[in-house]
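The listed protein sequences derive, respectively, from chains A and B. For the first sequence, the working numbering begins at 51 and goes up steadily by one. For the second sequence, the working numbering begins at 51 and goes up steadily by one. A short worksheet on the structure shown next.
There are 2 protein chains.
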Amino acid sequence: MPSEFDLIQRYFLSDPRRDDVIEGIGDDGAVIRPPAGHDLVISVDTLIEGVHFPSGTQAASVGHKALAVNLSDLAAMGAEPAWATLSLALPQSDEAWLAGFSHGLRQLADRFYVSLIGGDLVRGPLAISIQVIGLLPHATAVCRHGARAGDFVFVTGSIGDAGLGLASMQGAWPLDGNGSVQYCLSRLNEPSPRVAAGVALRGLASAAIDVSDGLSADLKRMLAASGVGASIELTRIPLSAAARRLFGDSIDWDLVLTAGDDYELLFTVPATRADALCKRFDSLNLPITHIGYIEQQVGLRFMEDGVERTLELSAGYDHFAV
Amino acid sequence: MPSEFDLIQRYFLSDPRRDDVIEGIGDDGAVIRPPAGHDLVISVDTLIEGVHFPSGTQAASVGHKALAVNLSDLAAMGAEPAWATLSLALPQSDEAWLAGFSHGLRQLADRFYVSLIGGDLVRGPLAISIQVIGLLPHATAVCRHGARAGDFVFVTGSIGDAGLGLASMQGAWPLDGNGSVQYCLSRLNEPSPRVAAGVALRGLASAAIDVSDGLSADLKRMLAASGVGASIELTRIPLSAAARRLFGDSIDWDLVLTAGDDYELLFTVPATRADALCKRFDSLNLPITHIGYIEQQVGLRFMEDGVERTLELSAGYDHFAV
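Quick look at the structure:
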């Protein structure tokens with residue numbers, strides 16, 4: 051049976067790809083040399099089987115998602131990812147699982163030029179904790195506390211796909227014969243972190259957050275941090291063609307607003323800079339949609355054709371709620 | 051019952067103490083600004099109950115130790131710690147445990163001027179994953195691959211205390227009436243990372259590693275990374291007064307050499323720089339002991355009064371060994 055050391059060698063050791071990695075995996079610590087004039091952004095997220103991903107999720111998807119959720123956090127700050135470390139707890143030495151996991155992780159890491167510089171591998175219930183470090187020029191971080199009354203609220207891509215994917219896995223959503231469910235499952239299991247979009251926000255957006263716990267919960271966090279409120283026009287919330295097909299005539303707003311896991315960026319921009327921002331996104335091949343406005347009055351209000359609509363939304367997931 | 055957010059607020063949120071923390075806990079990521087001319091050293095270690103610390107260990111000790119093992123890794127690279135993140139999985143919201151844990155963690159963090167800048171709190175079997183980032187001037191990292199034939203082998207402090215502490219907890223070691231067992235238990239549960247010693251190694255030591263898995267296993271790692279061998283004089287290995295009292299007339303070399311968890315620094319220094327290094331340590335209030343020599347011939351040899359002694363040592367702990 052291979053040792054912990056063998057497993058690390060086999061699945062996670064690679065020559066550092068980046069010039070700024072002075073020492074990679076294999077010593078007490080890794081040594082990196084950040085470029086001058088840059089701030090560093092740090093994010094850490096733990097995924098536990100049965101909590102953050104359904105038991106039975108393919109190993110490659112778990113590897114992908116564990117890194118993707120962290121890259122999404124960096125994107126929401128406007129940072130480009132550079133280095134990552136991995137803490138992996140495994141119930142047993144399952145080499146087929148490790149091969150799939152490391153493949154999924156590496157594919158995404160390579161796509162964004164991220165070096166895996168360290169970590170550890172211990173025996174325990176399946177849990178993956180990844181920490182990423184990203185870079186941005188001094189004082190260009192986009193924080194969640196900068197939204198101001200009058201700012202436009204935007205969101206990238208489409209919302210609700212991952213929730214539909216999860217509902218279909220749980221049998222709560224009728225499966226269809228075409229690729230709509232497939233598309234929603236790929237959005238759930240292999241989310242695309244919006245790294246280029248995050249970079250495009252620098253210097254223009256007033257605040258940003260990624261949609262991990264649901265549009266409603268994440269927007270509320272931004273509003274609370276900024277001390278403001280917002281009105282969102284429901285009909286402007288971008289749904290994918292797949293979601294529209296699955297919903298048919300009745301959109302499940304609770305699912306769209308609370309399901310989370312879409313890893314889109316939700317951001318605000320002062321009205322005077324909205325045009326400049328839209329121009330930047332023209333070259334990105336990622337749609338952005340203006341869904342509402344920041345207001346002085348605290349609270350989050352949903353509008354439909356200009357009339358406020360009261361929605362009784364499910365509570366977001368809380369690990370320690372009763 | 052408090053939410054995850056409440057728990058983080060209550061136990062882990064503090065004003066960033068360091069000027070180089072631009073954004074601390076509370077956004078998608080933390081933002082830090084490393085000083086110019088410095089490299090960063092990154093280390094991550096996961097502690098699982100029942101594997102890395104005995105079930106029933108006091109919460110404050112767990113908090114202390116989870117950070118200490120990471121600071122020890124940084125020390126072994128010559129780095130001063132600066133920032134840390136925490137991933138904590140808890141079976142339930144146990145506020146007494148959290149209060150103790152965060153107290154132990156904070157006390158050590160404050161002692162070394164470390165800011166907790168982020169992390170997450172999830173529900174799961176008790177596991178603590180801490181990542182630390184440290185600083186050192188460009189190109190001054192002390193790696194484990196630099197040992198060369200003729201170098202002196204040194205170790206800080208004393209070896210075997212933590213192993214004696216663990217053995218006494220497991221009932222394998224007779225308890226004594228004086229403070230010897232108490233001392234060994236404190237060495238096991240609240241190790242002191244050798245941060246100042248690590249800084250003293252910069253520019254003088256040729257290689258270093260911390261003694262986490264046992265003097266024998268860790269020295270072998272250094273030898274393998276450096277492509278050399280070593281001879282160690284058993285009688286020179288520094289034992290504490292407590293260990294000498296507990297051992298009495300027969301020293302258990304297997305325990306001393308394989309028990310680990312002492313978090314001392316094991317390092318090598320070229321003969322020409324040994325005096326300069328000893329002078330640096332004079333001011334540190336931490337003894338260092340010259341225990342042997344690096345040799346061309348690969349392998350690790352133990353000597354007693356100049357004669358090689360064959361020891362059948364226990365294997366080091368491997369998470370995935372059968």
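Quick reminder that beta carbons are idealized off the backbone N, C-alpha and C, glycines included. For clarity, every value in this text was computed on a predicted model and none was experimentally measured.
Sequence-distant residues of the same chain with beta carbon closer than 6 Å to Ile178(A), five excluded per side: Leu97, Ala116 and Leu138
For Ile72(A), the nearest candidate out of Arg83(A), Ser208(A) and Val245(A) (CA to CA): Arg83(A)
7 Å Cβ cutoff, Ile92(B) in contact with chain A: yes
Environment of Val372(B) [buried if 16+ CB atoms lie within 10 Å]: Only weak support exists for where Val372(B) lies, its pLDDT of 41 falling under 50; the coordinates are left without a value.
Whole-Å CB distance - Ile344(B) paired with Ala197(B), under 8 Å assumed: 5 Å
Cβ pair Ala258(A), Ala126(A) closer than 7 Å: yes
Stretch-stretch touch, CB-based, cutoff 8 Å, three pairs: the region 341 to 355 of chain A with the region 264 to 282 of chain A: yes
Counted within 10 angstroms of its Cβ, other Cβ atoms place Pro141(B) as buried (16 or more) or exposed: exposed
Segments of 4+ residues assigned as alpha helix (DSSP H) that fall wholly inside the region 275 to 358 of chain B: 291 to 297, 303 to 308 and 324 to 332
Per-residue contacts from Asp89(B) into chain A (C-beta, under 7 Å): Ile72, Val81, Ile82 and Arg83
Interface flag, Gly174(A) vs chain B, CB-CB below 7 Å: yes
Contacts of Arg194(A) in chain B (Cβ-Cβ under 9 Å): Gly76, Asp77 and Asp78
Beta-bridge partners of Ala80(A), as assigned by DSSP: Ile92(B)
Whether Leu254(A) touches Val203(A) by CB criterion (7 Å): no
Reference Ala309(A); option with closest CA among Leu336(A), Leu166(A) and Asp263(A): Asp263(A)
Ala246(A) - DSSP class collapsed to helix/strand/coil: helix
Short Cβ contact (7 Å threshold) for Arg237(B) with Ala212(B): yes
Whole-number beta carbon distance between Val205(A) and Ser93(A), since they are thought to touch under 8 Å: Contact doesn't hold; Cβ gap of about 20 Å is too wide.
Contact with chain A by Leu124(B), beta-carbon distance below 7 Å: yes
Chain B contact residues for Val407(A), given Cβ-Cβ distances below 9 Å: The first residue shown for chain A is 51 and the last is 372, placing residue 407(A) beyond what the model contains.
Same chain, Cβ closer than 6 Å to Leu327(A), five either side skipped, listed in chain order: Leu254 and Val319
Three-state secondary structure assigned by DSSP to Ser53(A): coil
Proximity test, Cβ basis, 7 Å: Met272(A) and chain B: no
Contact under 7 Å by Cβ, Ala86(A) with Ile167(A): no
Inter-residue spacing [alpha-carbon to alpha-carbon] between Ser165(A) and Trp133(A): 5 Å
Helix, strand or coil at Ala110(A) according to DSSP, with G and I counted as helix: helix
Identified DSSP bridge partners for Ala134(B): Leu166(B) and Val182(B)
Beta bridge counterpart(s) of Ile259(A) as assigned by DSSP: Leu316(A)
Distance between beta carbons of Pro337(B) and Ala209(B), contact taken as under 8 Å: Reading off the sequence, residue 209(B) comes out as Ile, not Ala. So it is not a contact: roughly 12 Å between Cβ atoms.
Among Gly298(A), Leu315(A), Gly184(A) and His195(A), the one whose alpha carbon lies nearest that of Ser230(A): Gly298(A)
Start and end residues, alpha helix (DSSP H) containing Glu240(A): Per DSSP, Glu240(A) belongs to no alpha helix (DSSP H) and is neither H nor E.
Proximity winner among Ala275(A), Ser364(A), Leu315(A) and Glu358(A), relative to Gly76(B) (alpha-carbon distances): Ala275(A)
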